[in-house]
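In the working numbering, the protein residues as written are 245 to 341. Built from N, CA and C at the ideal position, the CB exists for glycine as well. Step one of this worksheet: look at the structure below.
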Amino acid sequence: MIYNLELTEIAGVEFWEAVDWYDSQKKLLGLEFAKELQDLLKLIKENPNGFPQAYRKKYKAVLHRFPYSIFYEIHGDTIFILAIFHNSRDPKIWQQR
């Protein structure tokens, strides 16, 4: 099956906040974060059930270099990215989405 990816508005905000923060720490680090995230999104799209369920049929994929996780759910042929979430934050925040 070919899956579509849809980024929720809040996940988009979280992505850009992370990119901006990493860029403020080191030139082009935000780009490196975005690249790793893009690679992980590609893996999710290719095999969305290949990652562990984190909470109520919501899946979690962890970035390797950066302390972030992608939380998503699958509805038919669409993968909804619910959160791009720093691993130190309270998970109750994304679980309410």
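Span of the beta strand (DSSP E), counted from its first residue to its last, around residue i
| i | result |
| --- | --- |
| L307 | Run containing L307: none; DSSP gives neither H nor E here. |
| Q297 | 297-299 |
| I328 | 322-330 |
Residue i, buried or exposed, once every other Cβ within 10 Å from all chains shown has been counted against 16
| i | result |
| --- | --- |
| P292 | buried |
| S313 | buried |
| L272 | exposed |
| E258 | buried |
| W260 | exposed |
| I246 | exposed |
| L281 | buried |
Candidates the options, of which the one nearest residue i by Cα
| i | options | result |
| --- | --- | --- |
| Y303 | P335, G256, L275 | P335 |
| A298 | E250, E253, L249, Q340 | Q340 |
| G294 | H330, I318, L326, Q269 | I318 |
| H308 | L284, F315, I337 | L284 |
Element boundaries [alpha helix (DSSP H), containing residue i]
| i | result |
| --- | --- |
| Y247 | Unbroken run through Y247: none, as it is neither H nor E. |
| G274 | 273-290 |
| Q340 | That residue, Q340, is in no alpha helix (DSSP H); it is neither H nor E in DSSP. |
| D267 | 253-269 |
Neighbourhood of residue i by C-beta, 7 Å cutoff - its chain only, sequence neighbours within 5 removed
| i | result |
| --- | --- |
| A255 | I325, L326, A327, I328 |
| W338 | F315, L326, A327, F329 |
| A262 | F277, Y312, I328 |
Cβ shell of residue i (< 6 Å), same chain only, five flanking positions each side left out
| i | result |
| --- | --- |
| G347 | No information on residue 347 is available, as it lies outside the stretch 245 to 341 that the chain covers here. |
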